[in-house]
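Trainee: Using the UniProt record's numbering, you'd call the opening residue of the sequence shown number 1 and step up by one each time.
Backbone N, C-alpha and C define an ideal beta-carbon position, used for all residues, glycine too.
One structure follows; several queries about it will come next.
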Amino acid sequence: VQMSSSPPGSLSDTASKAMSSPVASPVTPSNGVYHYQPPFNILEAKSHMNQTCQAMEEGLSLTSHYVDVKVSQREILCSGKNTNKSLDKEMVLIGNMDQRKSLMGCSLNGNKCYILLLGNTGMGKTTLIRKLCLDWSRGCIPQFDFVFLLDGKALTLKEPNHSLQTLLLNSSSFAPSCMDPEAVYTQILAASKRVLIIFDGFDEVRDYETLLQTQEKDLMTSLQKDTNGQIYTIRQLYSAILQRVLLPGCTLLLSTRPRGTANQLLRRTDSLVEMYGFNPKDVETYLSRYFTDPALRESALDYLKKSSFLHLLCWNPGLCRLACLVLEQAKSLAELPRTLTGLCHQVLCQKLERDNGITHLKTEVQTEISLSSLAWEGVKANSSILPAGRTISDKLRALGHRTGFNVLHFLFLFVFLSFSFTRTVTDRIFQQNLPFQSGPKWRRRSHREELELAQRFTVGLLFNNRTELQRLHSYTDTASRDIVNSKQALLRTHLESLSHDDLSPAQVLEACHHVYEASFTCSDGNVDIASTTLVAHLAVNLPEVVTFHGVPLNPSDVFTVQNVLDRGRSEGRSFSLDLEDSVLQLSGLRALVALNNINTYRASIADVITLWEELEQSGEEELLQGSVSKFKIHPLRATQVCHIEHLAKLVNIHMQKKLSDSSLSLHQSLCIPMHLLIVSLSYFSLENSKVGDKGAEKLADVLVSLCNLEILNLSQNCIGDQGVTKLLPTLRDLPKLHCLSLYSNVISDKGAESLAVILPHMRSLIELDVKYNKLTDVGAQSLGASLRNCKKMKTLRMWNQCIPYGVFEWLQQQDNRIEWH
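Dropping the structure here:
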């Protein structure tokens, strides 16, 4: 979608300010006053980088089009033994309100020497990086004497043609060729802690695991010495830098997408930040900078606000840039695209027409038969680099540069436009690359973003306005119609034959996008009746409980989901929604909850309470009552300390019978539903959330109201004697608690003795797990003696290495309910 141009606007100037901590720089005395004197070479490099980072495509300036947007600091959750196999298990998922609280500048201060910058396509990772380089060139990041920007895509280059010196000074955007390389390189080696190395674009190369593994000892020794300028491959040099063999102590900043590569890099990450795109205010700011003419600006803003889907697409800075290109030429609201496919199609047509490129394109297509297959190979390989041994003509390459697109990305978009019209793509190949294919080959694809976009575009283009598409092709009307009709029939058959109950949450979302693109891509305002049946079919066949658990929902995602669910209403369907860990904005949560055919929903407690507060403040009592009565909390699986705080606030609303201290009146509509929701909670898990003793104290206050709680999992939470002592009085009074896990905490004999006192009073408890704590034979014997007074208890697990084997074996002989595992 993005082509080559980095989207203007992505992070904020506050990122640079946050990086500008007062770190000591080399100083020299002058009249008793110390001041920094950078070498001439550094000043020359900064001047060069300033010029390089400023320029953008089509004459745009980074300074004039940059929008002040912050990033979100993310936490990494290490759970289980294989913590690096699943990104969702490692990265703490947060709701919208928690995301807002974590907004910050991208800090490079302190001990954070390995920083991972996450963001989907178009979020502006490259733009942020260029802004950081620009700020360094202006002296705004004084803790670094050197900043090197390296291209992650260069990992695909196999030939050994670089030393560390040439990699940094010749292959990065650091300095012009007129610098004294030997002097600069000597300075770099002497002060590696004052070096920032940025790897941009760690998206397209697979098998990153080998980059992080120790290579041959001789090779690493040679790399570490690097005294004779020996030549290595890019991969060897990158690997040595990432493993700290080269330039130990330098700060690393790597950019990648949240899926695929990131889960292999997290193990070494000190700091994790993510970009979430524009909010409505940012969109207005961007448009105000893009359209300098006031009249054109007002017209563009008016059109954008009235075009719901296009406005929502602008949450993505890259798509906001494309929307501005369309708004620049729009003469009426009816001309604006209603889908992602339509947007990209219009942008491509505009650029081609502006350059008289359609004639060139037809000529090139006729002479380069393999163009479509070349682009499709790139999509499947997740690469924008021209494959070895493959070439394209100078005319087509020039066309890509003239239209402002990177050549291969230009071809990717073109293949979507030609895919459904070309006979080179057979029905068999077409079927093999349809969405939701099963089998080992599909599951092995770790980088699916480009492929998913390709599939979405293909679906939309199959139902696009035929006249518009034929402008780009030399086929006859009859031939085009036959090809399109054939592939339309294959696509409808495929989508209608899906087993919707077996689709993952991410696949359900993709299905919503596909049927929306098929139904509303027509640029002439007409809607294909056959394509609308796909929406109805999906709405009828979705399961009663539609879950997007753990799938981030951006504003345009919510729009397409809402479209399908609302169609279900006209088909007599109603649904329950699971929106937990979906990181959707409050406007999106509101839109989905407001649907009349939503029976119940689950979402982040903090987000839900904030939505209620906003509805109360705006006086929307009917929607407030509906959003309260539909909210479902059971079963709650809390995974973070903040979840305890959110639940405590929910309990307080129930007890006080009002949303906040500033509420002037009681809300009777909140009382009974909230009461039922809290009492019905039976499962509560905080496994591996590191709540500690302070968190345990907060939890004790929350548990008081959970009188239906049956299972409580507090495993791996660093809870010690103080924390368990605070919890015990509350646990004793829970009438239905039958399973309690305190596995792998730091409870010692003192805590075990306190637990032994309370244990006989926990009448409903039948299973207790205190295995792998710090208690010795003293604590173990206290619990063993207490167990004799607990007639309903079935299992007590308490083994750890501090308990002598003989003592534990003796306790087992006394009571066979004591188990090892």
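For I141, which three-state DSSP category applies?
Mentor: Looking at I141 - three-state DSSP - the assignment turns out to be coil, as it is neither helix nor strand.
Trainee: Pair every Cβ in the stretch 531 to 542 with every Cβ in the stretch 562 to 579, then say whether three or more of these pairs are closer than 8 Å.
Mentor: They touch, by the three-pair rule.
Trainee: For S332, does the three-state DSSP call read helix, strand or coil?
Mentor: If DSSP states are grouped into helix, strand and coil, S332 belongs with coil.
Trainee: Beta-carbon within less than 8 Å of P729's beta-carbon, same chain only, minus the 5 sequence neighbours each way: which residues are those?
Mentor: If we look at P729 and ignore the five residues flanking it on each side, its Cβ neighbours are A700 and I758.
Trainee: Can you tell me which of the three DSSP states F684 falls into?
Mentor: Of the three classes helix, strand and coil, the one that applies to F684 here is strand, per DSSP.
Trainee: So what does DSSP say about V273, is it helix, strand or coil?
Mentor: If DSSP states are grouped into helix, strand and coil, V273 belongs with the strands.
Trainee: Go through its chain and collect everything with a Cβ distance to Q488's Cβ below 6 Å, but skip five positions before and after it.
Mentor: Same-chain partners within the cutoff: L462.
Trainee: N597: which of C113, Q562 and Q625 sits nearest, CA to CA?
Mentor: Here the closest residue by C-alpha is Q562.
Trainee: If you follow the alpha helix (DSSP H) that E182 is in, where does it begin and where does it stop?
Mentor: Looking at the DSSP string, the run of the alpha helix (DSSP H) that includes E182 is P181 to A190.
Trainee: Quick check on the burial criterion: 16 or more other C-beta atoms within 10 angstroms. Buried or exposed for N161?
Mentor: The residue in question, N161, is exposed, as its Cβ has fewer than 16 Cβ neighbours within 10 Å.
Trainee: What residues in its chain sit with their C-beta under 7 Å from that of Y114, if we drop five residues either side in the sequence?
Mentor: Around Y114: L252, R268, T269 and D270.
Trainee: Evaluate contact between the stretch 179 to 189 and the stretch 229 to 239, counting only Cβ atoms and requiring at least three cross-stretch pairs below 8 Å.
Mentor: No: the two stretches stay apart, fewer than three of their Cβ pairs being nearer than 8 Å.
Trainee: Whole beta strand (DSSP E) runs in the stretch 734 to 814 with 3 or more residues, listed along the chain?
Mentor: Complete beta strand (DSSP E) runs here, min 3: 739 to 741, 767 to 769 and 795 to 797.
Trainee: Given D815, which residues of its chain have a CB within under 6 Å of its CB, disregarding the five upstream and five downstream residues?
Mentor: For D815, where only same-chain residues beyond five positions count, the Cβ hits under 6 Å are L787.
Trainee: With L592 and V558 assumed to form a contact (beta carbons below 8 Å), what rounded beta-carbon distance in angstroms separates them?
Mentor: About 6 Å; that satisfies the 8 Å criterion.
Trainee: The beta strand (DSSP E) that contains T256, what's its start and end?
Mentor: Looking at the DSSP string, the run of the beta strand (DSSP E) that includes T256 is T251 to T256.
Trainee: Going by other Cβ atoms of all chains shown within 10 Å of its Cβ, with 16 needed for buried, is E510 buried or exposed?
Mentor: That one is buried.
Trainee: With DSSP as the reference, identify every bridge partner of Y114, one or two as the case may be.
Mentor: The partner list for Y114 (beta bridge, DSSP) reads L252.
Trainee: Per the contact definition of three or more C-beta pairs closer than 8 Å, is the stretch 132 to 151 in contact with the stretch 295 to 314?
Mentor: No, the stretch 295 to 314 is not in contact with the stretch 132 to 151.
Trainee: Below 8 Å, is the gap between the Cβ of D482 and the nearest heavy atom of the ligand SAM?
Mentor: Ligands displayed in this structure: none; no statement on the ligand SAM is therefore possible.
Trainee: Using DSSP with H/G/I as helix, E/B as strand and the rest coil, what is Y232?
Mentor: The answer is strand: DSSP assigns Y232 an E or B state.
Trainee: From the DSSP output, in three-state form, read off F559 for me.
Mentor: Three-state result, F559: helix.
Trainee: Going by alpha carbons, who is nearest to G723 out of D693, L150, L589 and N713?
Mentor: Nearest option by C-alpha distance: D693.
Trainee: Whole-angstrom Cβ separation of L322 and V347, contact assumed at under 8 Å?
Mentor: Indeed they touch by this definition, with Cβ atoms about 5 Å apart.
Trainee: Contact between the stretch 336 to 352 and the stretch 615 to 634: three or more CB pairs below 8 Å?
Mentor: No: fewer than three Cβ pairs fall under 8 Å.
Trainee: Buried or exposed: where does M655 fall if 16 or more other Cβ atoms within 10 Å of its Cβ makes it buried?
Mentor: Exposed, by the Cβ-count rule.
Trainee: Report the rounded CA-to-CA distance for L783 versus E753, giving the unit in angstroms.
Mentor: Cα to Cα, L783 sits roughly 7 Å from E753.
Trainee: By DSSP, does D578 sit in helix, in strand, or in coil?
Mentor: Strand.
Trainee: Given that a residue counts as buried once 16 or more other Cβ atoms are within 10 Å of its Cβ, and exposed if not, what is T493?
Mentor: The residue in question, T493, is exposed, as its Cβ has fewer than 16 Cβ neighbours within 10 Å.
Trainee: Across the stretch 283 to 292 and the stretch 143 to 150, are there enough close Cβ pairs to call them in contact, namely three or more that are closer than 8 Å?
Mentor: In short, these stretches do not touch, since the Cβ pair count stays below three.
Trainee: Check the C-beta distance from F575 over to N599 and give it rounded, since I have them as a contact under 8 Å.
Mentor: Confirmed, about 7 Å.
Trainee: For L310, collect the residues of the same chain with a Cβ closer than 6 Å to its Cβ; drop the 5 residues on either side in sequence, then sort them by chain order.
Mentor: These residues qualify, in order along the chain: A323 and L336.
Trainee: For N293, which of helix, strand or coil comes out of DSSP?
Mentor: The amino acid at residue 293 is misidentified as Asn; the sequence shows Asp. D293 falls in the coil class under three-state DSSP.
Trainee: Answer yes or no: do P552 and V583 have a C-beta to C-beta separation smaller than 9 Å?
Mentor: The answer is yes: Cβ separation under 9 Å.
Trainee: Taking 6 Å as the limit between beta carbons, can you name the residues of its chain near R797, skipping five residues before and five after?
Mentor: Correct list, in chain order: D769, K771 and E819.
Trainee: Which one of E710, G720, N120 and R481 has the shortest CA to CA distance from A696?
Mentor: That would be G720, whose Cα lies nearest to the Cα of A696.
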